[in-house]
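Chemist:
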Amino acid sequence: MIAYIFRRLLYAIPTVFGVMLITFILFFVWGSRETMAKAQLGQRARPTEVRNWLHEHGYDKPLIINAAWADSTYHHAEQPWWDSIFIQQIKNFTVFELGESDFNREPIGEKIRSGMIPSLLITAPAMFVGLFLAVALALVQVFYRASALDTGMTVACAVLMSIVPMAYIISAQNLMAVTLKWFPAFGFDLQGWGTIRFLMLPVTVMGVIYLGSDVRLYRSIFLEEIAQDYIRTAQAKGVNARGVLFKHVLKNGAISLITLVVAHLPLLIMGSLLIENFFGIPGLGGLVVNALQKQDFAIVRAAVFIGSLLYLFGLLLTDICYAVADPRIRLS
Amino acid sequence: MADQSIISKLNQCFEQPSVQNSIVVLGLVIIGSVIWLGSKNEQWRIAFRRFRHDRIGIFAGVVISIYLLIGALEVIRIPTKEGQSESLLKLIINIPQERSYSAPFAKLQLGQESEFAAAQSSGDPMKIQSAERYRVVGTHILGTNALGNDTLVETLRACKTALLLGGVTSVIYIVLGTLFGLAAGYFRRWVDDVITYVYSTLASIPQILLLVAMLLVWGKGLFSIALALGITMWVDLCRLIRGETMRQAERTYVIAARALGQSTWNILIRHLLPNVMHLVLIKFVLGFSGIVLAEAILSYLGVGSPIGTPSWGVMIDGARNEFSREPLVWWNLTAATTALFGLVLSLNLLGDALRRAFDPKRS
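So the sequence lines, in the order shown, correspond to chains A and B. Letter by letter, the first sequence follows residues 1 to 332 of the numbering used here. Letter by letter, the second sequence follows residues 1 to 363 of the numbering used here.
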């Protein structure tokens, strides 16, 4: 088992490197550093100001290697050849030194750490409630498959999926918080049980947003399972419909469910950008939206890297779950 | 740097009516050739026969055609007198512009009713004269927005943006996904390894984060959105096509073609491509709805369509503060959301219907 986990970890290394490479190419090769500086200093910033800003933030180094011919404007003659943005980025990401924000030079690592708890408080309950509800509804659909109820629920799921998330959020906020005053419309406070007051509405809305697509996905998984031969055998043996559904379909479908649930993991930590922005929750999603509004490239860059690390971590967890559930995988 | 200005140049290019017209013509050619080729394919004909009895699918198709028609009316531009041109849609629904917000069917501008009444009751001819500017000139079924433009017209105009964006994005990701998927599935070995590595790396970045990062670097613009969505969306299609190609490549017809000395290109294009094309069609229809939704979300996050573009995302973004106004301005958000909902729902239903038609056992 340990050897299996170790092997999986080794496989993840090229992917992590690939993510670093994509981030670097996108932000420094494709995007220009002057744009980053001007996003903070204003479009009319003088060249000297831009140069000073770039120097302060360490963006004035050569791009890939510090060679004399690389670029005269960013040239650092006295520095070693590895003093370049590319190697700096790779090194910083490897040791989790996420740097400072472009906007006000606050440490990004600190911001991400403090944003994790509020994000988790919103998304973890939303995910569990959503999973439970979606699996239950999907099982109902599979139980009454090819009936009017099944068709109706399929259409209902399509309807739920087709509404813009903003519409859900705005209408829920206006109806439940502003008109009925059941919940606070905005804000967040970590104060023990009192926090729940702030969580109820965002969690509910988030659950509803993903419900349509989740039910559809789980239904197709269960339908795939119900077409298998062993189901026919079970039916032939005289297992009743409910037994088939819960014992066979749900149990075997659960293996496929693991993948999907873990695929939600980055969403879980990153929170929902829209939800956190609307409800004023100081989580990671809200952090990214604020960074977008302030054109803060450094925070977005760090978020891309952290987000993909979390995804890869989730993938590793899936593999471990698989290996636990099915010993054949460990050996291959 | 040079590359960045290419994106912004393409963004400006995308705004040109002539470019939009050529995109529409290209789109029609592609749709026509797919239908023509599909009508010769046995599998597609069987699917079409099944589809004809699918009432939900037919209904969704009709709704999408209406959206296409409205979009076409907005694309066609008719020169007016002053050397300017105006879209056909605006000429058909010719409604005068107001000064600011007005409610649906309102006779007066929003929030000015009491002032108008006060001026009327004062009996002062000067005041009555000046209060005339609060009158709404035309009839606005869905009211007007902050600039006094008719909301219904704005909503209908946005069809064009959604359809053009969806079309261009689809072309980008379908070409990438199909080519790489076929290559990875047929050649296997190192080709497969390289392609799998590239797409699994891309897929390991959460989609929304990659999208906002690309759009932040490239700047707002319709082509930016199309390219960013194209880059994130080909992964799914590629995975799908790769798996199906692997399955099909084992089948006897491919082995027979190879034994008969068919070139690799012929096997890929003449034999494998038609047999995976139905997956592309279903993915195209369902993916289109995703693109329309994504444009709205990205515009709301401030990295999507530039302000001033007729788009549902921009309308929803603009309606952000309208709900906290007194009196409440609900019509802009409602109109944009409803129009978007109609298109996305029809696309989802059509996609489901196509899937049922092509693969009735598994849905």
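Where is the CB? At the ideal position from N, CA and C, for every residue including glycine.
Tell me whether residue 108(B) sits in a helix, a strand or coil according to DSSP, three-state version.
Modeler: Sequence index remark: in the second sequence, residue 108(B) carries index 108 (1-based). Note: residue 108(B) maps to strand in three-state DSSP.
Chemist: Using a beta-carbon distance below 9 angstroms, is residue 214(B) in contact with chain A?
Modeler: For this step, residue 214(B) is matched to residue 214 along the second sequence. Closer than 9 angstroms: yes.
Chemist: If the cut is a Cβ gap below 9 angstroms, which residues of chain B does residue 18(A) touch?
Modeler: Residue numbering aside, residue 18(A) sits at position 18 when the first sequence is read from its first letter. Neighbours of residue 18(A) on chain B, chain order: 197, 198, 200, 201, 202 and 204.
Chemist: Name the one or two DSSP bridge partners that residue 86(B) has.
Modeler: Translated into positions along the second sequence, residue 86(B) becomes position 86. Bridge partners of residue 86(B): 78(B).
Chemist: Can you say whether residue 19(A) is buried or exposed, counting buried as having 16 or more other CB atoms within 10 angstroms of its CB?
Modeler: Taking the first sequence and counting its residues from 1, the one referred to as residue 19(A) is at position 19. Residue 19(A) is buried by the Cβ-count criterion.
Chemist: Suppose the cutoff is 8 angstroms on Cβ atoms and the five residues either side in sequence are ignored; what does the same chain contact list for residue 24(A) look like?
Modeler: Against the first sequence, residue 24(A) aligns to sequence position 24. Around residue 24(A): 85, 86, 89 and 90.
Chemist: Can you tell me where the alpha helix (DSSP H) with residue 88(A) in it begins and where it stops?
Modeler: Translated into the one-based positions of the first sequence, residue 88(A) becomes position 88. Looking at the DSSP string, the run of the alpha helix (DSSP H) that includes residue 88(A) is 85-94.
Chemist: Thinking just about the alpha-carbon of each residue, which of 13(B), 231(B) and 338(B) is nearest to the one in residue 170(B)?
Modeler: Locating residue 170(B) in the second sequence gives position 170, counting from the first residue. When only C-alpha atoms are compared, the closest one is 231(B).
Chemist: Roughly how many angstroms lie between the CA atoms of residue 11(B) and residue 92(B), to the nearest whole one?
Modeler: Position 11 of the second sequence, counted from the start, is the residue given in the question as residue 11(B). Position 92 of the second sequence, counted from the start, is the residue given in the question as residue 92(B). Distance between the alpha carbons of residue 11(B) and residue 92(B): 29 angstroms.
Chemist: Do you know how far the Cα of residue 57(A) is from the Cα of residue 300(B)?
Modeler: Walking along the second sequence from the start, residue 300(B) turns up at place 300. Walking along the first sequence from the start, residue 57(A) turns up at place 57. So the two alpha carbons sit approximately 30 angstroms from each other.
Chemist: Find the residues of chain A that neighbour residue 344(B), judging by a C-beta separation of less than 7 angstroms, and give them in chain order.
Modeler: Here residue 344(B) refers to the residue found at position 344 of the second sequence. Think of a sphere of 7 angstroms around the beta carbon of residue 344(B): the chain A residues whose beta carbon falls inside it are 162, in chain order.
Chemist: If we call anything under 9 angstroms between Cβ atoms a contact, is residue 204(B) one with residue 15(A)?
Modeler: Here residue 204(B) corresponds to residue number 204 of the second sequence, with the count starting at 1. Here residue 15(A) corresponds to residue number 15 of the first sequence, with the count starting at 1. For residue 204(B) and residue 15(A), yes; Cβs fall inside 9 angstroms.
Chemist: What is the rounded straight-line gap between the Cα of residue 313(B) and the Cα of residue 291(B)?
Modeler: By one-based count along the second sequence, residue 313(B) stands at place 313. By one-based count along the second sequence, residue 291(B) stands at place 291. Roughly 11 angstroms between the two C-alpha positions.
Chemist: So if I threshold CB-CB distances at 9 angstroms, which residues from the region 299-323 of chain B count as touching chain A?
Modeler: 300, 301, 302, 303, 312, 313, 316, 317, 319, 320 and 323
Chemist: Looking at the unbroken alpha helix (DSSP H) that takes in residue 7(A), where does it start and where does it end?
Modeler: Along the first sequence, read from residue 1 onward, the residue named residue 7(A) stands at position 7. First-last of the alpha helix (DSSP H) with residue 7(A): 2-24.
Chemist: Would you say residue 166(A) reaches chain B, if we count a Cβ-Cβ gap shorter than 9 angstroms as a contact?
Modeler: Within the first sequence, residue 166(A) is the residue found at index 166, counting from 1. It does; some Cβ of chain B falls within 9 angstroms.
Chemist: Taking Cβ positions only, does residue 311(A) come closer than 9 angstroms to chain B?
Modeler: For the purposes of this step, residue 311(A) is taken as residue 311 along the first sequence, with counting starting at 1. With 9 angstroms as the cut-off, residue 311(A) counts as an interface residue toward chain B.
Chemist: Which two residues bound the contiguous alpha helix (DSSP H) that contains residue 31(A)?
Modeler: Locating residue 31(A) in the first sequence gives position 31, where the first residue counts as 1. Note, residue 31(A): premise wrong, no alpha helix (DSSP H); not H, not E.
Chemist: For the region 292-303 of chain A, which residues have a CB atom closer than 8 angstroms to at least one CB atom of chain B, in sequence order?
Modeler: Along the region 292-303 of chain A, going in chain order, the ones with a CB nearer than 8 angstroms to a CB of chain B are 292, 293, 295, 297, 300, 301 and 303.
Chemist: If you draw a straight line from the alpha carbon of residue 172(A) to that of residue 205(A), how long is it in whole angstroms?
Modeler: For this step, residue 172(A) is matched to residue 172 along the first sequence. For this step, residue 205(A) is matched to residue 205 along the first sequence. When rounded, the distance between both Cα atoms is 7 angstroms.
Chemist: For residue 304(A), which of 1(A), 146(A), 26(A) and 238(A) has the nearest alpha-carbon?
Modeler: Start at 1 with the first residue of the first sequence, and residue 304(A) comes out as number 304. When 1(A), 146(A), 26(A) and 238(A) are compared, the shortest CA-CA separation from residue 304(A) is found for 26(A).
Chemist: What separation, rounded to the nearest whole angstrom, lies between the Cα atoms of residue 320(A) and residue 168(A)?
Modeler: On the first sequence, residue 320(A) is found 320 positions in, with the first residue counted as 1. On the first sequence, residue 168(A) is found 168 positions in, with the first residue counted as 1. C-alpha separation (whole angstroms): 36 angstroms.
Chemist: Is there at least one Cβ from chain D nearer than 9 angstroms to residue 348(B)'s Cβ?
Modeler: Among the protein chains in the structure shown, which are A and B, there is no chain D.
Chemist: Check each candidate in 6(A), 30(A), 1(A) and 207(A) and name the one with the smallest Cα separation from residue 224(B).
Modeler: The residue you call residue 224(B) lines up with position 224 of the second sequence. Ranking 6(A), 30(A), 1(A) and 207(A) by Cα distance to residue 224(B) puts 30(A) first.
Chemist: Once you ignore the five residues that flank residue 43(B) on each side, which residues in its own chain have a CB closer than 7 angstroms to its CB?
Modeler: On the second sequence, position 43 is the one that residue 43(B) refers to. Excluding positions up to five away in sequence, the list reads 278.
Chemist: Please determine if the region 150-164 of chain A and the region 235-246 of chain A are in contact, where contact requires at least 3 C-beta pairs separated by less than 8 angstroms.
Modeler: Output reads no: the region 235-246 of chain A does not touch the region 150-164 of chain A.
Chemist: Name the two residues that bound the continuous alpha helix (DSSP H) containing residue 179(B).
Modeler: Numbered from 1 along the second sequence, position 179 holds the residue referred to as residue 179(B). From DSSP, the alpha helix (DSSP H) with residue 179(B) extends over 151-187.
Chemist: Can you tell me the Cβ-Cβ gap for residue 138(A) and residue 242(A), rounded? I've got them flagged as a contact below 8 angstroms.
Modeler: Looking up residue 138(A) in the first sequence gives position 138. Looking up residue 242(A) in the first sequence gives position 242. In fact, because the Cβ distance is near 15 angstroms, the residues do not count as touching under 8 angstroms.
Chemist: Taking the alpha-carbon positions, what's the residue 59(A) to residue 292(A) distance?
Modeler: Here residue 59(A) refers to the residue found at position 59 of the first sequence. Here residue 292(A) refers to the residue found at position 292 of the first sequence. Rounded to whole angstroms, residue 59(A) to residue 292(A) spans 20 angstroms at the Cα level.
Chemist: For the alpha helix (DSSP H) containing residue 210(A), list its first residue and its last residue.
Modeler: Sequence index remark: in the first sequence, residue 210(A) carries index 210 (1-based). Element bounds for residue 210(A): 195-226.
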